[in-house]
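J.: Sharing a structure below in structure tokens format, with a few things to ask.
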Amino acid sequence: MLEDFFIEFLKLKNARETFATAMVVQHGTPISGKTGDKAIIRSDGSIHGWIGGGCTHPIVIEEALALMASGKSRLINIDPETKSAEGAEVKHFQMTCHSGGSLSVYIEPVFPKPLIVVLGDSPVGQSLLKLAANLDYETLWLTENRSTDQHEEGKRIANGFDLESFNLEDPSFLVVCTQGEGDLEALQAAFSRSVSYRAFVGSHKKMEALKKELSEEGVCSGKLGKLHNPAGLDINARTPSEIALSILAEIVQQLRSETEKPTSDGN
């Protein structure tokens, strides 16, 4: 049912999972899949929905997984009269079911939006959250100044610096903006997860002292060396809002340079 499709779509989107949608755009009888049928294929190869029977599902699942890896969308055609071949715009597969019939299926991968995680309560962090929201990025604010987890002005807010309960599937970007209030604890949390980008807002002298402590606690030199400090691109920023802008510019630069995947989020 259409309602089930969208319920599953929103569930996976809100969970920051990568998945693909498949929709039958044309069919030729006799075949069980009909034009307009839809399905969702998850990254583990499971399928939710209906786009035809056992002869079409394996092909669609295999193609969906490949497209999740490449970041591209594709129209595929499954037809008993066509040998498997790859064209410029359409990939063709031979229908192996004896009943015959044909299907054209459009498959589109859906990726999580970029997630900006701000650790700490500072003017730079607050400005960064606002700027990121303007780009329609997801935001998560971790602070030790709230007694409960909550949502506020589009931000998800969590009490404390524990990141273990959050899905930080790429692209995720962590920025420590503690400014002396829990610097080490926030950095420990930042290094506890594998993410695309980590930055620390603070002086180089302070960061060197903190790196020494982190190294003694077992954080490897390779990870420490990739920490962005000073945070942000050098644009001679002075105010908290300007510093936040420089950080977001650096995040966008890395996001667009490290992958050619489109940020398709189904919107």
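The opening position of the sequence shown corresponds to residue 937 in our numbering, with each subsequent residue numbered one higher. Glycine is no exception: its CB is placed at the ideal position from the N, C-alpha and C atoms. Note that the coordinates shown come from a computational prediction; the quantities given were computed from them, not determined experimentally.
1) Count the C-beta pairs between the stretch 957-969 and the stretch 984-1001 that are closer than 8 Å, then say yes if the count reaches three, no if not.
2) Within its chain, find whatever has a CB closer than 6 Å to the CB of Cys1033; leave out the 5 residues flanking it on each side and keep chain order.
3) Can you give me the C-alpha to C-alpha distance between Ile943 and Leu1181, rounded to a whole angstrom?
4) Return the CA-CA distance between Leu948 and Lys1141, expressed in angstroms with no decimal places.
5) What are the boundary residues of the alpha helix (DSSP H) that includes Val1060?
6) Helix or strand or just coil, what does DSSP make of Asn1013?
7) For Arg978 and Ala951, I'd like the C-alpha separation in whole angstroms.
8) When the Cα atoms are used, what is the spatial distance from Val1112 to Thr957?
9) Where does the unbroken beta strand (DSSP E) through Ala933 begin, and where does it stop?
10) Just to confirm, is the Cβ distance from Ala1185 to Leu1169 under 8 Å?
T.: Result, derived from the coordinates:
1) yes
2) Cys991
3) 36 Å
4) 43 Å
5) 1059-1070
6) strand
7) 12 Å
8) 36 Å
9) Nothing can be reported for residue 933: it is not among the residues displayed for the chain, which extend from 937 to 1203.
10) yes
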